[in-house]
Structures are given as C-alpha cells and as structure tokens.
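Notes follow once the structure below has been shown.
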Amino acid sequence: MTNFAQRLIHWYHLNKRSLPWRDTNDPYCIWLSEIILQQTRVDQGFAYYERFVSAWPGVAHLAAASEDEVLKMWQGLGYYSRARNLHKAAKQVLHDHAGSFPDTINGLLGLQGVGEYTAAAIASMAFGTKVAVVDGNVFRVLARLYGIGEPINTAQGKKVFTELATSLLPTSDAGTYNQALMEFGALHCTPRKPQCETCIFASSCHARRDNTVSDLPVKLSKKTIRKRYFNYLVLLHGHGNSASLYLNKRSEGDIWTGLYEFALIETAAPVASESLMESDRWKELTANSEGRLIHQSHQYKHPLTHQLIHARFYVVNLQNLLDLSGQNTLSLIKHSALEKYPLPRLIDRFLDDTNGLSDYYQT
Ligand code: SF4
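Each step along the sequence shown adds one to the number in the numbering used here, with nothing skipped, and position 353 is 528.
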C-alpha cells in the first residue's frame with residue numbers, strides 16, 4: 176500500500192463517523208445509502224436510510240412495495256427520479272439477478288439509477304473490487320493536493336481525476352480507501368474552511384503551498400436557471416367526513432414524475448388572478464361545478480437544480496363534483512387519505528402553511 180493510502184486509512188480509522196452502512200458489506204444497504212445520499216446531506220439522509228431499511232429490510236421487500244409507497248417514503252428528499260429508479264432497480268435485482276446484486280461493474284451499471292460513481296462504490300465496498308470512487312469530495316481533495324486546475328464538471332476533467340484516483344488505489348481494501356478519501360473531503364478538506372493547519376498532508380499539498388486552496392477545485396458555471404410559473408387550483412368539495420379534493424398525478428417527461436399536486440395551470444409569465452380566472456382552463460375546472468374562490472396565497476418561490484418555480488395557490492370550493500371525462504390525470508380523493516399520497520415539497524409547504532387545508536372546507 177502506498178504511503179498516501181496508509182496515512183489516509185489511518186486517519187479514517189481515527190476520525191470516521193459511525194454510520195450504519197459502513198459496518199456492513201451488504202450490497203443492498205450500501206446501494207440504498209448511496210442512492211439516498213446523492214444530493215443529500217448525511218444528517219438528513221441518515222433518517223431516510225433508517226426508515227427504508229426498517230420498512231424494507233431486503234431488496235425483495237422493496238421490490239414488492241408499490242411506487243406510491245416508495246415515493247411517499249422518499250417525500251422531502253427531492254430528485255424523485257432517484258426514488259423511482261431505486262424501486263425499478265430493486266425489481267431488476269429480484270427478477271433479472273435472482274435477488275442477488277450483480278458483483279461486477281457492468282452488471283451494476285445495468286441497474287436503473289446506478290451510474291459510474293454508484294457502481295464503483297458498491298463494487299469496492301461490497302465486493303472489494305479495485306476501482307476508484309470519484310465524488311465531489313474526491314475531486315476537491317485531489318484538486319488541492321495535486322494542484323489540478325482542470326474543471327471538474329467536464330468530460331476531460333472527470334477523466335483526469337478518475338485516472339489519478341485510480342493510480343492512487345491500494346492493491347487491497349479499495350472499499351476502505353475509497354471511503355477514507357471521501358470522508359477526508361467531507362470532514363477535513365471541506366469546501367469552506369479546510370483544516371490545513373492540522374492536515375496530515377499539509378507538507379505536500381500543492382494548493383496550500385501555492386495559496387490556491389480557495390480556488391480549487393475549478394467548476395465551470397452552471398446553465399441558466401429556467402423560471403416557471405405554476406398556478407394551482409386547490410379544488411375542494413364537501414366537508415366533515417365527506418371532505419374531498421382533486422389531485423393531479425404528474426406524468427413523465429418533466430419534474431416530479433409520479434408525484435401528486437393540485438390542478439395546475441402553468442403560464443409562461445406571472446399572471447394576475449383576474450386573467451387567470453378568464454382562462455379556458457379555469458372555466459373548465461370551475462364553471463360547471465359552481466366553483467367559488469375563497470383564498471389566494473402569496474407567491475411561493477421554490478428552487479430546483481435548474482429551475483425556479485414561482486407558485487400561487489387558489490383555493491376553490493366546488494358546489495358540484497367535476498366531470499372527469501377528458502381529465503385523465505385528475506382524481507377525487509378523500510381529504511383523510513391525503514397523507515398517503517407522495518407530494519412534492521412545494522405542495523407540502525403550502526399544506527403546512529394552511530393547516531392542512533382543513534379551514535377551507537365549506538361548512
Ligand atoms: S492542506 Fe488543506 S487543502 Fe491541502 S489537503 Fe490538507 S486540508 Fe486540504
């Protein structure tokens with residue numbers, strides 16, 4: 176083992192956080208933790224991991240769950256395609272691999288939602304395969320240690336860092352080494368305020384020597400953020416035990432596939448309520464049902480990775496039920512069943528702000 180790997184692993188054993196997926200080489204647990212922790216902080220992901228493992232202790236249990244149950248368990252984590260892919264991959268493992276995770280990189284890459292990073296993580300940590308894992312932490316540590324200014328979010332940058340990470344791999348125990356490097360980036364060589372004074376690599380770190388720690392790693396600026404304007408009609412009917420509302424299930428090809436929201440009128444720009452109420456869609460949803468607007472929310476701003484959603488909610492009481500012919504994604508549900516439906520965080524925020532809508536049902 177190289178001196179670098181030895182020192183790193185020694186540091187890891189002294190400093191690592193105790194996390195449940197680290198005390199196992201069960202590929203199900205490692206895979207689950209890796210998918211949950213993509214784009215999610217460890218402290219937030221921890222609770223979700225525990226809930227998933229408790230509800231579905233093995234891949235067959237997860238495969239047997241419904242997509243709604245999986246999305247509901249995932250609610251609040253965002254990036255819902257990860258949850259749908261997680262569910263599909265569990266089914267693949269069950270049906271295409273007789274319930275056992277494939278133990279090769281290519282086999283793992285065939286699972287829904289498993290990219291190069293996740294395949295390398297599972298292969299090295301569960302099966303001991305000698306393959307480097309390159310995540311944001313690894314990019315940062317290597318960029319600083321070796322003084323590499325290649326942007327990390329380009330194909331060329333990824334190639335350069337992957338080759339370097341691979342050349343540093345020890346001949347055995349690649350899983351521990353990979354975890355050590357990522358943990359070193361997460362805890363010690365952090366994006367802001369890295370602890371250079373107490374760093375085990377301080378004397379050999381290029382960035383420290385050249386005073387470029389805060390400049391590395393280099394990342395090219397992101398694409399422009401797309402602004403979208405969502406006008407939600409919160410269509411309520413009845414009260415008490417018969418209180419019900421309409422939900423729209425989002426279809427494929429856009430954000431939040433498979434999640435539920437209210438009836439949506441999306442506009443290209445902000446629109447005044449008077450104009451909205453003149454639109455064909457508003458009339459279609461309210462006129463024959465004798466809808467009465469009883470509340471209009473403030474504007475919510477909801478940032479996603481490449482989009483900024485501006486949303487306003489219009490709560491409407493309907494005297495009559497909607498004619499749902501031609502409305503194939505809208506359905507009427509009991510208010511008491513609302514909590515079973517997986518919802519985007521934006522909808523959840525509105526429900527939190529309005530006491531779960533209970534004040535708006537007509538008495
Ligand atoms: S000296 Fe500072 S920048 Fe260099 S590896 Fe250590 S913590 Fe990171």
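Yeah, the Cβ is synthetic: ideal placement off N, Cα and C, and Gly gets one too.
Asked                                                                                                                                                                        : Found
Write down the C-beta distance between G324 and L391 rounded to the nearest angstrom, noting that I regard them as a contact closer than 8 Å.                                : 7 Å
Using alpha carbons as the reference points, say which of A295, H270, K263 lies closest to D278.                                                                             : A295
Between the segment 510-528 and the segment 438-455, can you find at least three pairs of beta-carbon atoms closer than 8 Å?                                                 : no
Given this structure, state the Cα-to-Cα distance separating N530 from H414, to the nearest angstrom.                                                                        : 15 Å
The ligand SF4 heavy atoms versus the CB of R383: any closer than 7 Å?                                                                                                       : yes
Quick one: give me the first and last residue of the beta strand (DSSP E) that S419 is part of.                                                                              : 419-424
Within its chain, find whatever has a CB closer than 8 Å to the CB of N222; leave out the 5 residues flanking it on each side and keep chain order.                          : Here residue 222 is Ala; the residue named in the question, Asn, does not match the sequence. Same-chain partners within the cutoff: there are none.
Give me, in chain order, the residues of the same chain whose beta-carbon lies closer than 7 Å to that of N200; leave out the 5 immediate sequence neighbours on both sides. : M300, A301
Does the segment 458-465 come close enough to the segment 481-495 to have 3 or more Cβ pairs within less than 8 Å?                                                           : yes
Based on DSSP bridge pairs, tell me the residues matched to N492.                                                                                                            : L411, R467
Flag V388 as yes when its Cβ comes closer than 7 Å to any non-hydrogen atom of the ligand SF4, and as no otherwise.                                                          : yes
Note down the Cα distance separating G251 from N178, rounded to an integer number of angstroms.                                                                              : 42 Å
To the nearest whole angstrom, what separates the beta carbons of W457 and I469, a pair I think is in contact under 8 Å?                                                     : Between I469 and W457 the Cβ distance is about 15 Å, and since that is not below 8 Å, they are no contact.
Rounded to the nearest angstrom, what separates T337 and H381 at their Cα positions?                                                                                         : 19 Å
Run through DSSP, which three-state label would R401 get?                                                                                                                    : strand
Classify I400 as buried or exposed, calling it buried when 16 or more other Cβ atoms lie within 10 Å of its own Cβ.                                                          : exposed
Is any heavy atom in the ligand SF4 found nearer than 7 Å to the beta carbon of H185?                                                                                        : no
Looking at H363 and the ligand SF4, is the gap between the Cβ and the nearest heavy atom below 7 Å?                                                                          : yes
Where does K458 sit, in a helix, a strand or coil, going by DSSP?                                                                                                            : helix
When you measure from the CB of Q482 to every non-hydrogen atom of the ligand SF4, does any distance come out below 7 Å?                                                     : no
If Y255 sits next to T432, beta carbons under 8 Å apart, how far is it from one beta carbon to the other, in whole angstroms?                                                : 7 Å
Is any non-hydrogen atom of the ligand SF4 found closer than 7 Å to the C-beta of F376, if you look at the structure I gave you?                                             : yes
Just tell me which of A239, L212, G233 has its CA closest to the CA of T293.                                                                                                 : L212
Consult DSSP for E372 and reduce its assignment to one of helix, strand or coil.                                                                                             : helix
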